[in-house]
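Reading through the structure tokens given below for one structure.
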Ligand code: CUA
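Numbering (my numbering), first residue to last: 1057 to 1396.
Shown next as structure tokens:
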């Protein structure tokens, strides 16, 4: 048993190593920053790690030197070491060094806090503003100046600060895009603010970082960072996007959508806002934030969303709609896209 226990820390460390190496997937790593906020946080982390390593090595060297030099040798049995009480010089040194180290940590921390603070864009300022609303277990992104919403996929232009206002419709969630910036809580009844600047175009994974219910771990979203001109093209298409079935099947799908879905889900300007806006559903990177966007998954989701994402608020339609009706609905939903 003792032998087994000895391997326990090694096993834990090995497991952590395996798990943490996995964190680099899908642009989800705060250790590979791709945004200004994440870079600032990363630099702060590295600064404290360097200081920590410095302290560790100095202490380890002194420790090793002292236990070797002053160890008990043969014949030392009767010697009583010199009895010392107080040493002003040493005490000044070991008080001054930590104060200095804390200052080295504190000054950039305070400066970073000011840099990361969000200032509300002024009238006439062309900073893009996004209102984030968290729901159990999905995200709504409203672009108030552009007058449209997306859900689950957040589009932003690269190379500029985007200003975010964040709130929640139910419980506390936390908005986190590890590769781009730090976390921000979304609290019901309160609005928090932050800014994010992506430095490179790409798709970044976002997570809910506050335990919010059974499907907390599935409350993922994607950030699509585009070059400014591409973003403008996308935004212009979003402004005019509407339901426009292209075939007989999708026409049937639209009719079913109008009967069964539109009180909760909007397409373009038509529809409710209880569930995610579906205007650009066909462009989405994922289904429900975490599933592959396949016909089968979309159909399974419509039939029984609870089986896939427990405790979400969407009712299942397996008893209300036939397989043909669900297939028509799937075809209709896939057609809802602004990207080619
Ligand atoms: Cu929302 Cu965790």
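Beta carbons: idealized from backbone N, C-alpha and C, even for Gly.
In this structure, residue 1313 places its C-beta atom within 7 Å of the C-beta atom of residue 1388. Checking the DSSP bridge columns, you'll see residue 1281 partnered with 1212 and 1258. The continuous stretches of beta strand (DSSP E) do not include residue 1121, which lies in the alpha helix (DSSP H) extending over residues 1092-1125. Contact check for residue 1394 against residue 1336 passes: the beta carbons are separated by less than 7 Å.
Distance from residue 1341 to residue 1209 at the Cβ level is roughly 6 Å; contact confirmed, criterion being Cβ atoms closer than 8 Å. In this structure residue 1346 does not touch residue 1359 by the C-beta definition: roughly 18 Å separates them, more than the 8 Å allowed. Comparing alpha-carbon positions, the option among 1322, 1353, 1219 and 1262 lying closest to residue 1175 turns out to be 1219. Checking the DSSP bridge columns, you'll see residue 1263 partnered with 1232. Note on geometry: alpha-carbon atoms of residue 1101 and residue 1109 lie some 12 Å from one another. Its Cα nearest to that of residue 1354, the residue 1383 stands out among 1378, 1328 and 1383. Sequence-distant Cβ neighbours of residue 1369 in its own chain, meaning closer than 7 Å and more than five residues away, are 1192. When the five nearest sequence neighbours on each side are left out, the beta carbons in the same chain lying within less than 7 Å of the beta carbon of residue 1365 are those of 1193, 1271, 1274 and 1344, in order along the chain. Looking at the backbone, the Cα of residue 1265 and that of residue 1095 are separated by about 19 Å.
The three-state secondary structure of residue 1190, taken from DSSP, is strand.
If you check the C-beta of residue 1370 against ligand 1, you find no heavy atom less than 6 Å away.
The criterion of a C-beta distance shorter than 7 Å is not satisfied by residue 1152 and residue 1212. Not one heavy atom of ligand 1 is found less than 6 Å from the C-beta of residue 1240.
The alpha-carbon of residue 1130 is positioned some 34 Å away from that of residue 1149. Taking 6 Å as the cut-off, the C-beta of residue 1108 does not count as close to any heavy atom of ligand 1. Under the three-state reduction of DSSP, residue 1154 is assigned to helix. The bridge partners DSSP lists for residue 1196 are 1189 and 1207. Take the alpha-carbon of residue 1261 and the one of residue 1234: they are about 8 Å apart.
Contact annotation, residue 1236 with residue 1188: C-beta distance approximately 13 Å; criterion of less than 8 Å not satisfied. Here residue 1198 has 1187 and 1205 as same chain residues with Cβ atoms under 6 Å from its own Cβ, once five neighbours each way along the sequence are excluded. Comparing alpha carbon positions, the residue from 1333, 1330 and 1307 closest to residue 1381 is 1307. Taking C-beta separations shorter than 8 Å and ignoring five residues to either side along the sequence, the partners of residue 1203 in its chain run 1295, following chain order. Taking the Cα positions, residue 1225 is about 10 Å away from residue 1196. Checking the DSSP bridge columns, you'll see residue 1224 partnered with 1190 and 1244.
For residue 1361, the enclosing alpha helix (DSSP H) stretches over residues 1361-1364. Taking the C-beta atoms as reference points, residue 1367 is found no nearer than 7 Å to residue 1238. Counting other Cβ atoms within 10 Å of its Cβ, residue 1214 reaches 16 or more and is therefore classed as buried. About 18 Å separates the beta carbons of residue 1207 and residue 1371, which is beyond the 8 Å limit, so they are not a contact pair.
For residue 1330, the closest of 1338, 1319 and 1250 by C-alpha to C-alpha distance is 1319.
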